[in-house]
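Worksheet: the structure to be examined is printed underneath.
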Amino acid sequence: MIEAKTVTIEHNSVAEAAEKRDSRKGIVTEQHETKDIVIIGGGMVGAATALGLAKLGLEVALVEAFEPEAFDASQPLDVRVSAISAASEALLERLGAFDTLLGMRHVAYRGLETWEMEGCITRFHASQIKAERLGHIVENRLVQLALWQEFDNHPNLTLCCPARVGRMVRSSVGIEVSLDDGRVFDARLLVGADGANSRVRQWAGIGISGWDYSQSCMLINIATECDEQDVTWQQFTPQGPRSLLPLPGKNASLVWYDDAKQIRSLMQLSDSQLKQAIINHFPDRLDPHFEVLAKGSFPLTRRHAQQYYRDNLVILGDAAHTINPLAGQGVNLGFKDVEALIATITQALEKGEDWSKATVLEGFQKQRWFDNQLMMTGMDLFYAGFSNDLLPLKLLRNAGLKLADINTPVKQQVLKYALGLR
Numbered sequence: 006m007i008e009a010k011t012v013t014i015e016h017n018s019v020a021e022a023a024e025k026r027d028s029r030k031g032i033v034t035e036q037h038e039t040k041d042i043v044i045i046g047g048g049m050v051g052a053a054t055a056l057g058l059a060k061l062g063l064e065v066a067l068v069e070a071f072e073p074e075a076f077d078a079s080q081p082l083d084v085r086v087s088a089i090s091a092a093s094e095a096l097l098e099r100l101g102a103f104d105t106l107l108g109m110r111h112v113a114y115r116g117l118e119t120w121e122m123e124g125c126i127t128r129f130h131a132s133q134i135k136a137e138r139l140g141h142i143v144e145n146r147l148v149q150l151a152l153w154q155e156f157d158n159h160p161n162l163t164l165c166c167p168a169r170v171g172r173m174v175r176s177s178v179g180i181e182v183s184l185d186d187g188r189v190f191d192a193r194l195l196v197g198a199d200g201a202n203s204r205v206r207q208w209a210g211i212g213i214s215g216w217d218y219s220q221s222c223m224l225i226n227i228a229t230e231c232d233e234q235d236v237t238w239q240q241f242t243p244q245g246p247r248s249l250l251p252l253p254g255k256n257a258s259l260v261w262y263d264d265a266k267q268i269r270s271l272m273q274l275s276d277s278q279l280k281q282a283i284i285n286h287f288p289d290r291l292d293p294h295f296e297v298l299a300k301g302s303f304p305l306t307r308r309h310a311q312q313y314y315r316d317n318l319v320i321l322g323d324a325a326h327t328i329n330p331l332a333g334q335g336v337n338l339g340f341k342d343v344e345a346l347i348a349t350i351t352q353a354l355e356k357g358e359d360w361s362k363a364t365v366l367e368g369f370q371k372q373r374w375f376d377n378q379l380m381m382t383g384m385d386l387f388y389a390g391f392s393n394d395l396l397p398l399k400l401l402r403n404a405g406l407k408l409a410d411i412n413t414p415v416k417q418q419v420l421k422y423a424l425g426l427r
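So that you can map any letter, position 325 of the sequence shown is 330 in this note's numbering, and since no number is skipped, the others follow by simple counting.
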């Protein structure tokens with residue numbers, strides 16, 4: 006359990022906060038701007054939140070330290086990719102970003118296959134729920150870029166980039182946010198979409214519970230000799246899963262879960278040495294004729310905020326929860342948070358309520374906390390169940406996988422839930 010970090014909140018007088026210094030004397034001028042909402046963090050979740058709330062007619066400011074690099078088809082594929090679900094696609098479409106994303110690199114995936122022992126395999130396919138696809142696999146930065154390209158269509162959305170938060174102070178008008186470029190915002194609502202190490206969450210004194218898994222995850226982009234694929238697969242081993250996600254063209258992303266020490270050793274290998282290690286440890290269905298393009302790694306952690314709001318402040322996405330990436334649900338859970346926050350504020354606006362007050366934000370938490378907890382717990386149980394190599398348990402879970410391959414209404418509902426369609 007990780008203890009909540011208590012942060013002292015500064016209180017400055019309104020007169021002191023509003024004081025302007027003479028810039029002609031070489032001192033930065035503090036110029037206050039009033040905003041309905043200030044969002045810290047302009048990644049995929051933060052950018053989607055900014056667009057969704059701007060579409061409601063609210064005055065929004067988005068603060069981000071780094072601008073996404075412009076897209077060029079000649080750029081190498083990034084190792085950070087996501088399997089965007091059908092529900093996430095629908096959100097991106099409503100925000101006006103989906104067509105832009107499809108104009109860049111992407112690959113639709115229509116099938117998902119999981120097994121441990123050969124012959125005991127579970128297959129999910131879009132046709133089982135009468136869908137065209139299960140979703141798209143895309144680079145994270147391209148999702149972010151597609152959202153950012155919509156900003157200019159919303160004059161009530163102010164982008165502050167590059168910029169970082171200098172301090173946050175509660176004031177008589179809400180929350181005062183000072184940036185390192187000298188700008189100061191007075192916000193009715195502060196949104197933290199600033200990632201797993203959220204400064205907003207820490208400043209609000211919101212605690213988290215969680216732990217570090219004993220494993221790490223390695224991401225490896227490869228160029229194959231196969232035609233573009235549309236099925237992602239995953240084999241469980243006693244050391245951890247081995248997965249493949251199709252990428253545009255003849256490329257693919259390999260995901261290797263293993264002991265943290267082993268992953269560190271793999272990261273030190275040359276591309277040719279790593280290729281041989283992959284051939285030795287991945288299932289035979291991976292065609293051995295490939296070349297390693299890029300690699301990266303990160304530790305596996307599990308974090309869940311004890312609450313998602315504090316007065317007129319709310320957190321979402323990785324700032325509120327980080328999940329084992331086993332099911333590829335990380336960003337999809339974040340986009341569900343975005344949907345819920347937009348819906349919550351929309352309802353309050355329609356009722357003429359103060360949408361920034363704690364009782365309204367509590368409604369957002371009720372929508373999302375249990376669903377996120379359910380997904381996180383399910384992944385923990387799944388992870389633990391396949392980490393045990395006892396033969397009776399191994400036979401039992403493989404029988405379960407084989408049974409789950411039968412196309413039943415229950416299987417269809419599970420697939421729809423994973424895709425955010427129910």
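The beta carbon of each residue, even a glycine, is placed where N, CA and C say it ideally should be. Given the structure is predicted, the values throughout are model-derived calculations rather than measurements.
For Leu298 and Ile142, believed in contact at Cβ under 8 Å, the rounded distance: Contact flag wrong, Cβ pair sits at about 15 Å.
Burial state of Arg307, where buried means 16 or more other Cβ atoms lie within 10 Å: buried
Start-end ranges of the beta strand (DSSP E) lying completely within the stretch 43 to 97, minimum 3 residues: 65 to 68, 86 to 90
Three CB pairs or more closer than 8 Å across the stretch 254 to 264 and the stretch 225 to 239: yes
The ligand GDP heavy atom lying under 7 Å from the CB of Ala88: As for the ligand GDP, it is missing from this structure, which has no ligand bound.
Gly210 versus Ala310: straight-line alpha-carbon distance, rounded: 10 Å
Residues near Gln154 in its chain [Cβ-Cβ closer than 6 Å; skip 5 each side]: Thr105
Other residues of its chain near Ala282: CB distance less than 8 Å, five sequence neighbours each side excluded: Leu271, Leu274
Buried versus exposed call for His294 [16 or more other C-beta atoms within 10 Å across all chains shown]: With fewer than 16 other Cβ atoms inside 10 Å of its own Cβ, His294 counts as exposed.
Closest residue to Val50 among Leu63, Lys40, Leu100 (Cα-Cα distance): The candidate whose alpha carbon is nearest that of Val50 is Leu100.
Alpha-carbon to alpha-carbon, His326 and Gln244: 25 Å
Beta-carbon separation (whole angstroms), Ile350 vs Lys300, contact threshold 8 Å: In fact, because the Cβ distance is near 41 Å, the residues do not count as touching under 8 Å.
Alpha helix (DSSP H) segments (min. 4 residues) lying fully within the stretch 109 to 190: 145 to 153
Residue environment, Glu98, which counts as buried when at least 16 other CB atoms sit within 10 Å: When all chains shown are included, Glu98 counts as exposed.
Minimum C-alpha distance to Val84 - residue among Leu147, Ala52, Ile42, Phe129: Leu147
Residue range of the beta strand (DSSP E) that includes Gly301: 295 to 310
Endpoints, alpha helix (DSSP H) assigned at Thr351: 335 to 356
Val178 burial status per 10 Å Cβ neighbour count (16 or more: buried): Only exposed fits Val178, as fewer than 16 other CB atoms lie within 10 angstroms of its CB.
Residues bridged to Ser275 (per DSSP): Bridge partners of Ser275: none, in fact.
Rounded C-alpha distance that separates Glu181 from Tyr314: 17 Å
Rounded separation between Ile126 and Glu118 - CA only: 7 Å
Same chain only: Cβ atoms within 6 Å of Pro253, ignoring 5 sequence neighbours per side: Arg110, Val112
Nearest-angstrom Cβ-Cβ length linking Ser90 and Gly140, presumed shorter than 8 Å: Contact flag correct, Cβ pair sits at about 5 Å.
Distance between beta carbons of Asn145 and Val236, contact taken as under 8 Å: Contact doesn't hold; Cβ gap of about 21 Å is too wide.
CB of Cys165 within 8 Å of CB of Arg193, strictly: no
8 Å Cβ cutoff met for Val170 and Arg204: Taking 8 Å as the cut-off, the beta carbon of Val170 is found closer than this to the beta carbon of Arg204.
Residue interval of the beta strand (DSSP E) (run including Gln240): Gln240 -> beta strand (DSSP E) spans 236 to 240.
Residues near Phe156 in its chain [Cβ-Cβ closer than 7 Å; skip 5 each side]: Leu162, Leu164
Among Glu69, Gly57, Leu96, nearest to Leu184 - alpha-carbon criterion: Glu69
DSSP-derived helix/strand/coil call for Leu318: strand
Beta-carbon proximity of Pro304 to Ala345, cut-off 8 Å: no
Proximity of Ile328 and Leu318 at Cβ, strictly below 8 Å: No, the Cβ-Cβ distance between Ile328 and Leu318 is not below 8 Å.
Expected contact under 8 Å - CB spacing of Gly46 and Asp276 to nearest Å: About 34 Å separates the two Cβ atoms, so there is no contact after all.
Bounding residues of the beta strand (DSSP E) (the contiguous stretch that carries Ala209): Counting along the chain, Ala209 falls outside any beta strand (DSSP E), though it belongs to the alpha helix (DSSP H) covering 204 to 209.
Integer Cβ distance of Gln149 from Gly48, believed to fall under 8 Å: 6 Å
Anticipated Cβ contact below 8 Å, Leu63 with Asp41, distance rounded: 4 Å
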